[in-house]
Amino acid sequence: MRCRWGWLWLTTVLTITAQAQPTGMPTTTPHAEGVHFSARDSLVLLLNTPQGDQGHLIGNARVQYRDIELTAYRIDLFFDQEELRATGLPVDTGVVGQPQFRQGSDTFTGLELRYNLRTQRGRVVNAQTRIEDGYLQAQVVKVTEDSVLYVQGGTYSTCPCTGGRAPSYSLRTSKMKVEGRWIYTGPIQLYLFNIPTPFWLPFGFLPAIEGRRSGPLPVQYGEDERGFYLRGWGWYWAISDYMDLQIRGGIWTKGSWQISPLFRYAKRYAFNGQLMLDYLHNRRGEKGDPDFTVTNTLSFRWTHNQTLGPSTTFSANVNLTSSSYLRAISERYNDRVRQTISSSIRYSKNWPQAGRSLNLSLSHQEVLTTGAVQLSFPQLSFSQRAFKPFRRGTSSRERWYERITVSYSGTLSNLFNFTPLPDETLLARGDTSALDISWYDALFSPSAYRRATGQEIPFQFRATHRIPVSASFSMRRLPVLNRPFPVTFSTSLNYQEDWFIRTERRSIDSTGRVVTRSVPGFFALRQFTTSLSASTTIYGLFPVRLGPFEGLRHTVRPSLSVAYRPDFSSDFWGYMRTYQDTSGRQIRYPIVPGVPVGRTQSLSFSLGNVFETKRVRTDTAGNVQRQTLQLLTVDLSTSYNFAADSLRLSPITLSARTSALGPLSLTSSLVLSPYALAADGRPINRYVFDLRKGRLARITSFRLSASLRLRSRTRPPAGEAAPPPRARFGDPFNPDPLTSPIPSLLDPALHYADFSIPWSLNLNFSYSMSRLAQRLTRSAILNLSFDFNLTPRWKIQGRSGYDFVRKELATTSLFIVRDLGCWQMSLSWIPFGRYQSYGFELYVKSGRLRDLLRLRQPRSDIRGRFRQLL
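So the mapping is simple: the working numbering equals the position in the sequence shown, first residue as 1, plus 1.
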């Protein structure tokens with residue numbers, strides 16, 4: 002602010018320097034600074050008057066210097082006193098032409114402006130300015146020769162102060178001092194309109210600069226089963242333009258406490274990321290109670306994205322969190338019902354010109370309910386884009402062998418599987434200490450792994466190589482038809498080879514139990530498939546006209562393919578072994594996973610149908626516009642396996658979808674089995690087809706989904722509050738942690754209320770039916786979400802669902818919002834379910850006072866209270 006007022010005084014000095022120019026028309030000074038001044042009505046010089054020499058710019062007076070501009074109805078220059086005064090014109094409705102100072106996007110206004118060049122002191126009456134997302138008013142602002150500002154009667158609010166009306170809320174102080182980069186205030190009091198409240202502070206000490214800066218973080222209070230709490234309080238350090246640190250804490254009256262440091266770093270176009278550590282000492286109940294527990298939970302999260310070069314990237318998303326932590330701390334519904342957590346670290350390198358890519362990654366996935374963990378490291382993949390190895394060059398005519406394309410993809414993985422035995426099994430063994438073995442203990446201890454999982458080998462190594470070879474040929478004329486009929490033929494050979502370092506052997510022990518042992522040694526599993534396909538496209542045109550729709554085009558895409566794969570489970574390939582069970586039967590088993598069983602010699606057929614039309618429109622200028630509209634898509638597919646001993650014809654699949662009904666879209670699928678069922682529900686090798694009885698096939702599954710999305714046109718919201726400030730160009734962090742409160746299940750930020758959309762309605766219905774053997778399974782679910790404005794300032798949102806088969810309501814929530822201008826009121830209600838709750842909030846919509854001026858009731862998760870009542 003000091004710098005801005007300083008520019009105003011500099012503009013004044015340059016303006017008075019230019020006062021000797023002729024009056025009347027807009028004039029430009031000859032100074033190198035390029036000062037411009039003008040007046041609509043008159044520019045008058047009065048010399049040798051009793052009050053001394055004077056200059057007056059009247060009627061839209063304006064003084065401009067570079068990006069600085071001072072305007073007023075009247076600007077008076079008093080040369081003897083070396084004083085300048087800018088005023089407006091009083092009228093019946095107020096004052097027009099108030100002094101206004103602009104520099105870039107910053108604007109200052111006042112009722113009267115005075116400045117003395119000799120003493121370098123000035124005075125502004127009824128000054129107003131915009132600071133970030135708020136407004137600052139002052140009855141009087143005085144500036145001294147050392148550029149220190151003294152403010153009398155200061156008022157700050159995020160509500161616009163126009164027309165002399167008091168803002169709905171404001172922070173007021175009788176005196177304020179702005180010196181350098183800091184603002185010092187006297188007692189600060191909160192006002193609602195012009196009504197004082199008992200909320201006040203004895204003094205204030207604030208930075209006078211915009212952007213990120215160090216300071217305290219707002220606190221949140223409330224109550225839960227651990228007692229009354231204070232959460233979110235802490236300190237924020239703006240270390241540099243590239244990193245910052247915040248430390249939050251929380252305490253509960255029953256002894257629980259929490260600490261959460263968060264370190265963030267970023268450099269534009271290079272890297273960004275954050276490290277978060279959250280530790281909770283959780284005490285539930287009272288000492289001596291049977292349900293008294295003390296647990297310590299920890300959560301570690303790390304995200305990182307970095308560009309190492311034009312074609313090299315590195316990213317990480319690590320999340321090591323326990324289910325007890327999510328249920329104890331998180332207020333988000335999705336966190337509390339989460340079943341799995343995952344992490345990944347990836348390094349990627351591409352060679353665009355050669356068509357090659359390399360990925361090296363580590364992945365982690367954990368099932369929170371069972372404790373099962375799958376860790377893959379290293380996981381390496383390499384791929385080569387398809388190329389033509391026999392291509393001779395830029396020949397005009399391509400030989401048949403030049404069309405052969407080859408590509409490659411390879412993966413290497415080392416998989417660690419940790420699936421702990423049930424607690425009952427471990428207790429039956431008497432090994433109670435195995436209950437506390439975690440996956441990272443078992444990762445570095447083979448004995449701990451065997452005790453917790455009952456398995457011997459913790460790691461599974463596998464390398465896979467895939468080499469697809471394909472070629473396509475086109476024929477414009479079939480010899481049989483002897484007429485133009487384009488057909489595309491494609492042939493392919495897919496070769497796959499898997500490498501293992503262990504194989505499996507099974508046998509029967511003396512008790513008759515199957516014993517599996519691992520045999521170390523390199524082993525390669527090789528397999529291949531071949532296929533030949535032919536496809537074409539047929540168009541049918543129907544010259545019909547129905548309203549604005551002109552013509553109907555039916556596109557048919559038939560495809561016929563033949564595929565062959567040998568039976569790799571035969572003794573010829575050596576991938577299978579046998580053992581004799583207790584009844585003397587020979588049981589065959591694969592020594593490595595992934596061995597294909599059975600020969601495939603199939604003929605596949607598919608038929609795609611697309612129905613389209615054109616919508617014809619004529620604009621006001623008479624220009625005709627045609628838009629292609631897809632009406633319906635219908636697909637059919639089936640196959641026949643000649644190598645199967647029975648049930649050679651596979652199920653027939655039909656699917657259809659359309660989105661030509663405006664906001665309504667439909668999707669359906671039907672699976673038909675050509676074979677009949679035996680008395681026990683098993684399919685038998687006998688066709689159902691019987692024209693005399695009207696039977697074509699047997700329905701095994703059917704799915705239908707309908708989606709209806711209705712939405713009104715947008716309109717500007719009434720009384721829209723000022724938008725929140727945007728991040729500066731040099732600020733790599735957005736949003737600022739100072740304005741990012743701890744998320745809550747009932748937080749309005751999770752239920753964004755857009756008053757510019759009067760109403761919207763989403764309906765999703767899904768129906769499914771499947772018949773396996775004698776069992777029939779059905780599902781019919783309707784999901785509903787709505788959003789509409791009761792009035793221009795009242796909005797209600799909600800979502801629900803109903804299961805017609807189980808006759809149950811899904812999770813239902815209602816959210817009511819009242820726009821109060823600069824304030825917003827919300828009411829949230831989850832009437833039933835596991836997370837039933839309610840909440841009421843009244844808060845400021847924007848600004849740094851949002852967390853301070855927020856009323857929430859209740860400020861806790863009250864699921865336990867609901868369970869007691871219901």
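Idealized CB from N, CA, C, for every residue including glycine.
As the structure is a prediction and not an experimental result, all values here were calculated from the model.
What residue range is occupied by the uninterrupted alpha helix (DSSP H) comprising F445? Position 444 of the sequence shown holds residue 445. Counting along the chain, F445 sits inside the alpha helix (DSSP H) bounded by residues W440 to F445.
Using the C-alpha atoms, what's the distance from S312 back to L137? One-based indexing of the sequence shown puts residue 137 at position 136. One-based indexing of the sequence shown puts residue 312 at position 311. In this model, L137 and S312 are separated by some 50 Å (Cα to Cα).
Just to check my reading of the structure: F501 and F462 have Cβ atoms closer than 8 Å, yes? What is that Cβ distance to the nearest angstrom? Locating residue 501 in the sequence shown gives position 500, where the first residue counts as 1. Locating residue 462 in the sequence shown gives position 461, where the first residue counts as 1. That belief holds up - the Cβ atoms of F501 and F462 are roughly 7 Å apart, short of 8 Å.
Would you decide whether I875 is buried or exposed? Buried here means 16 or more other CB atoms lie within 10 Å of its CB. This structure does not reach residue 875, given that the chain is present from 2 up to 871, and the question cannot be answered.
Output the distance between the C-alpha atoms of E287 and T156, rounded to the nearest integer angstrom. Along the sequence shown, one-based indexing puts residue 287 at 286. Along the sequence shown, one-based indexing puts residue 156 at 155. Going by the C-alpha atoms only, they are around 48 Å apart.
Between which two residues does the beta strand (DSSP E) carrying E180 extend? Here residue 180 is taken as the residue at index 179 of the sequence shown, counted from 1. Its beta strand (DSSP E) spans residues Y170 to E180.
Is L263 closer than 8 Å to Q247 when the C-beta atoms are compared? Taking the sequence shown and counting its residues from 1, the one referred to as residue 247 is at position 246. Taking the sequence shown and counting its residues from 1, the one referred to as residue 263 is at position 262. A contact, by the Cβ cut-off of 8 Å.
Using a threshold of 8 Å, state whether the C-beta atoms of G411 and F378 are closer than that. For this step, residue 411 is matched to residue 410 along the sequence shown. For this step, residue 378 is matched to residue 377 along the sequence shown. No, the Cβ-Cβ distance between G411 and F378 is not below 8 Å.
Check whether the stretch 386-394 and the stretch 424-437 are in contact - that is, three or more C-beta pairs closer than 8 Å. Segment contact: the stretch 386-394 against the stretch 424-437, fewer than three CB-CB distances shorter than 8 Å; contact not assigned.
May I have a chain-ordered list of the beta strand (DSSP E) segments no shorter than 3 residues that lie completely inside the stretch 450-509? Taking 3 residues as the minimum length, the beta strand (DSSP E) runs contained wholly in the stretch 450-509 are 460-479 and 484-509, in order along the chain.
What are the start and end residues of the alpha helix (DSSP H) that includes R430? Here residue 430 corresponds to residue number 429 of the sequence shown, with the count starting at 1. Unbroken alpha helix (DSSP H) run through R430: D424 to R430.
Can you have a look at G575 and say buried or exposed, based on whether 16 or more other CB atoms are within 10 angstroms of its CB? Position 574 of the sequence shown holds residue 575. Exposed.
Taking buried to mean at least 16 other C-beta atoms within 10 Å of its own C-beta, is G233 buried or exposed? By 1-based counting over the sequence shown, the position of residue 233 is 232. Residue environment: G233 is assigned as buried (16 or more neighbouring CB atoms within 10 Å of its CB, all protein chains considered).
Any idea which residues DSSP pairs K268 with across the strands? Reading the sequence shown from its first residue, position 267 is the one you call residue 268. According to DSSP, which records beta bridges pairwise, K268 is partnered with F272.
Check each candidate in R173, G548 and F643 and name the one with the smallest Cα separation from R600. As a first step, residue 600 is located in the sequence shown; it is residue number 599 there, counting from the start. Ranking R173, G548 and F643 by Cα distance to R600 puts F643 first.
Going along the chain, which residues of its own chain have a beta-carbon closer than 8 Å to the beta-carbon of L172, five neighbours each way excluded? By 1-based counting over the sequence shown, the position of residue 172 is 171. For L172, where only same-chain residues beyond five positions count, the Cβ hits under 8 Å are T156, Y157, S158, I189, Q190, L191, Y192 and L850.
Residues near G541 by beta carbon distance below 6 Å, same chain, minus five either side: Residue mapping note: residue 541 aligns to position 540 of the sequence shown, counting from 1. Within its own chain, the residues whose Cβ lies closer than 6 Å to the Cβ of G541, once the five positions on either side in sequence are excluded, are H555, listed in chain order.
So which of E84, L85, A62 and N117 has the shortest CA-CA distance to V97? Numbered from its first residue, the sequence shown carries residue 97 at position 96. Looking only at E84, L85, A62 and N117, the smallest Cα-Cα distance to V97 is reached by A62.
I'd like to confirm the pairing. Which residues does DSSP put opposite W258 in its beta bridges? As a first step, residue 258 must be located in the sequence shown, where it is residue number 257. Note: W258 is bridge-paired with I252 and H282 in the DSSP secondary-structure output.
If you check the beta carbons only, do V670 and T659 fall under 8 Å apart? Residue 670 sits at position 669 when you count from the first residue of the sequence shown. Residue 659 sits at position 658 when you count from the first residue of the sequence shown. The sequence given here has Ser at residue 670, not Val. For the 8 Å CB-CB criterion, S670 and T659 do not form a contact.
Secondary structure at D147, three-state DSSP: helix, strand or coil? What you label residue 147 is simply residue 146 of the sequence shown in a count that begins at 1. Correct three-state label for D147: coil.
Exposed or buried, D820, counting other C-beta atoms within 10 Å across all chains shown (16 or more means buried)? Here the question's residue 820 lines up with position 819 in the sequence shown. Residue environment: D820 is assigned as buried (16 or more neighbouring CB atoms within 10 Å of its CB, all protein chains considered).
According to DSSP, is T778 part of a helix, a strand, or is it coil? For the purposes of this step, residue 778 is taken as residue 777 along the sequence shown, with counting starting at 1. Under the three-state reduction of DSSP output, T778 falls in the strand class.
Return the chain-ordered list of same chain residues with a C-beta closer than 6 Å to the C-beta of L359, the five sequence neighbours on each side being excluded. Position 358 of the sequence shown, counting from 1, holds the residue named residue 359. The beta carbon of L359 is closer than 6 Å to those of K350 and F383 in its chain, skipping five residues each way along the sequence.
Contact between the stretch 484-495 and the stretch 527-539 (3+ Cβ pairs under 8 Å): The stretch 484-495, when compared against the stretch 527-539, does touch it at the 8 Å Cβ threshold.
Three-state secondary structure (DSSP) of E403: Position 402 of the sequence shown holds residue 403. Note: E403 maps to helix in three-state DSSP.
By Cβ distance, which residues of its chain are closer than 6 Å to Y839, with the 5 residues on each side in sequence left out? If you number the sequence shown from 1, residue 839 lands on position 838. For Y839, where only same-chain residues beyond five positions count, the Cβ hits under 6 Å are W830.
Pick out whichever of F391, S408 and T420 has its Cα sitting closest to the Cα of G372. For the purposes of this step, residue 372 is identified with residue 371 of the sequence shown, where counting begins at 1. Scanning F391, S408 and T420 for the CA closest to the CA of G372 turns up T420.
Residues bridged to K796 by DSSP? Here residue 796 corresponds to residue number 795 of the sequence shown, with the count starting at 1. In DSSP, K796 forms a bridge with N790 and V818.
Mind reading off the beta-carbon distance from L632 to A657? Whole number of angstroms is fine, and I expect it under 8 Å. Mapped onto the sequence shown, residue 632 falls at position 631. Mapped onto the sequence shown, residue 657 falls at position 656. Contact flag wrong, Cβ pair sits at about 11 Å.
Option in S169, F524, R514 and P219 with minimal Cα separation from P197: Locating residue 197 in the sequence shown gives position 196, where the first residue counts as 1. Closest option to P197, Cα to Cα, is S169.
A622 burial status per 10 Å Cβ neighbour count (16 or more: buried): Along the sequence shown, one-based indexing puts residue 622 at 621. Residue burial annotation: A622 is exposed, with fewer than 16 other C-beta atoms found within 10 angstroms of its C-beta.
Just to confirm, is the Cβ distance from Q82 to G123 under 8 Å? Walking along the sequence shown from the start, residue 82 turns up at place 81. Walking along the sequence shown from the start, residue 123 turns up at place 122. For Q82 and G123, no; Cβs fall outside 8 Å.
Using the Cα positions of Q442 and S344, report the straight-line distance between them to the nearest angstrom. Counted from its first residue, the sequence shown places residue 442 at position 441. Counted from its first residue, the sequence shown places residue 344 at position 343. Going by the sequence as given, residue 442 is Asp instead of Gln. Distance between the alpha carbons of D442 and S344 is about 18 Å.
Around the Cβ of W201, are there at least 16 other Cβ atoms within 10 angstroms (buried) or fewer (exposed)? By one-based count along the sequence shown, residue 201 stands at place 200. Its Cβ having fewer than 16 others within 10 Å, W201 is exposed.
Excluding sequence positions up to five away, which residues of its chain have a Cβ less than 6 Å from the Cβ of L604? Here residue 604 refers to the residue found at position 603 of the sequence shown. Within the same chain, V563 and Y641 come within 6 Å of L604 by CB-CB distance, once the 5 residues on both sides are set aside.
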